[in-house]
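A quick write-up on the structure given underneath.
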Amino acid sequence: LISLIIVAGFIFLNTTQFAHALKFQKNLTELTPISGDMFLKFEGKYVYLRELQGKNANEITIFDVNGTDLISKSFAKSGVYESKKWSLKEINTTLAPRDLSLGASGLKFNTAESSQALGGFDPSSVQSIYDTSNVYSIKDAIRSIRTFADQGVNVATIKASLYNMLFFPLFAPLMVLILYYYLPVTGRFFNLALMSFGFFIVTLCAWGVFFVLIRFSLNGVIVPELGVIAPIAALFCFASFLVFKHR
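As structure tokens, this is what we get:
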């Protein structure tokens with residue numbers, strides 16, 4: 416029960432900024448909080464961000480396409496994400512002609528001081544996609560998966576990180592429960608020191624296997640469901656079997 420409470424508290428902390436503590440410390444040390452050169456697909460559009468810092472971006476280029484045909488290209492000098500939309504400043508839009516025959520009208524150019532676009536294109540989700548440290552909070556991971564799952568973006572790494580935060584902490588209470596049923600009723604006829612050492616080795620080996628599978632999932636070698644959820648599910652089934660067996 417105590418281990419379950421501790422694990423629940425740890426999982427809850429991963430929904431807060433606590434999950435980014437190490438990342439914040441590195442940003443303060445290296446002074447590199449600005450992300451750049453990001454190119455993503457979102458709702459049928461291709462978006463390029465020259466610089467992204469928090470909810471502010473510079474030099475935003477949006478390519479609106481229909482299949483393999485380019486409809487328009489919009490360039491904004493800067494933009495701010497507010498009210499779940501991007502407020503773009505100093506926009507230059509180039510409209511491609513639909514009729515490419517000789518003598519038809521050519522390119523059209525429009526300018527605007529401000530405009531709103533890319534509703535739901537959350538900058539924190541964008542940074543999560545390009546973050547190579549695999550450091551996310553549970554909320555950020557869920558938001559990123561919802562934003563880009565249908566956009567052709569590979570979110571397997573984010574899924575692995577999410578499953579790691581949600582399910583891997585359960586390893587400890589499940590192992591405690593399993594080892595409990597292998598403890599002797601009395602230590603009179605057993606060498607408790609030797610048995611404790613054996614339990615330690617078994618736990619360490621099991622943790623090592625789980626850790627390797629999780630690293631494989633984070634690196635995209637295996638699918639996260641197989642590398643994270645399946646081992647924990649197997650451990651849970653074995654623990655449940657022991658519980659019902661000794662009832």
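This note's numbering puts the sequence shown at residues 416 to 662. The C-beta atom is built at its ideal place from N, Cα and C for all residues, glycine as well. The model shown is predicted, which means the values in this text are computed figures rather than measured ones.
| Check | Outcome |
| --- | --- |
| Quick one: residues in its chain with C-beta nearer than 6 Å to the C-beta of T444, no 5 flanking neighbours on either side, listed in chain order? | Because the pLDDT of T444 is 42, which lies under 50, any placement of that residue in the model is unreliable, and the number read from its coordinates should be weighed accordingly. Around T444: no qualifying Cβ. |
| Taking only the alpha-carbon atoms, compute the straight-line gap between L594 and F614 and give it to the nearest angstrom. | 7 Å |
| What does the Cβ neighbour count give for V643, buried or exposed, with the cut at 16 atoms within 10 Å? | buried |
| What's the C-alpha gap between A491 and V462? | 11 Å |
| What does the Cβ neighbour count give for N634, buried or exposed, with the cut at 16 atoms within 10 Å? | exposed |
| In the structure shown, what three-state DSSP assignment does K499 receive? | coil |
| Identify whether E528 lies in helix, strand or coil by the three-state DSSP scheme. | strand |
| If the criterion is Cβ atoms closer than 9 Å, does the pair L641 and F563 meet it? | no |
| Suppose the cutoff is 6 Å on Cβ atoms and the five residues either side in sequence are ignored; what does the same chain contact list for N507 look like? | F490, T526 |
| Classify I420: buried if its beta carbon has 16 or more other beta carbons within 10 angstroms, exposed otherwise. | exposed |
| Cα separation between Q619 and V570? | Note that residue 619 corresponds to Leu in the displayed sequence, not to Gln. Rounded to whole angstroms, L619 to V570 spans 30 Å at the Cα level. |
| When we look at the beta-carbon of G424 and count the other beta-carbons within 10 Å, is it buried (16 or more) or exposed? | exposed |
| Tell me, to the nearest whole angstrom, how far the beta carbon of K500 is from that of D479; I am working on the premise that it is less than 8 Å. | Their Cβ separation, rounded to whole angstroms, is 16 Å, which puts K500 and D479 out of contact at 8 Å. |
| CA-CA distance, F656 and K554? | 33 Å |
| With DSSP run on the structure shown, which of helix, strand or coil describes N579? | helix |
| May I have the straight-line CA-CA distance separating I616 from L592, to the nearest angstrom? | 16 Å |
| Quick check on L592: does DSSP put it in helix, strand or coil? | helix |
| With distances taken between CB atoms, is the gap from L589 to F651 smaller than 9 Å? | yes |
| Do you know offhand how far T509's Cα is from F524's? | 5 Å |
| Let's test the definition: count the other Cβ atoms within 10 Å of the Cβ of N471 and tell me whether it reaches 16, buried, or not, exposed. | exposed |
| Given a cut-off of 9 Å on the beta-carbon distance, is the pair L467 and P584 in contact? | no |
| Leaving out five residues before and five after F582 in sequence, what residues of the same chain have Cβ atoms less than 8 Å from its Cβ? | V643, I644, I647 |
| Could you check the C-alpha separation between Q440 and S552 for me, to the nearest Å? | Any reading at Q440 needs caution, since the residue's pLDDT is 48, under 50, leaving its predicted position unreliable; the model's value is listed next. For Q440 and S552, the distance between alpha carbons rounds to 15 Å. |
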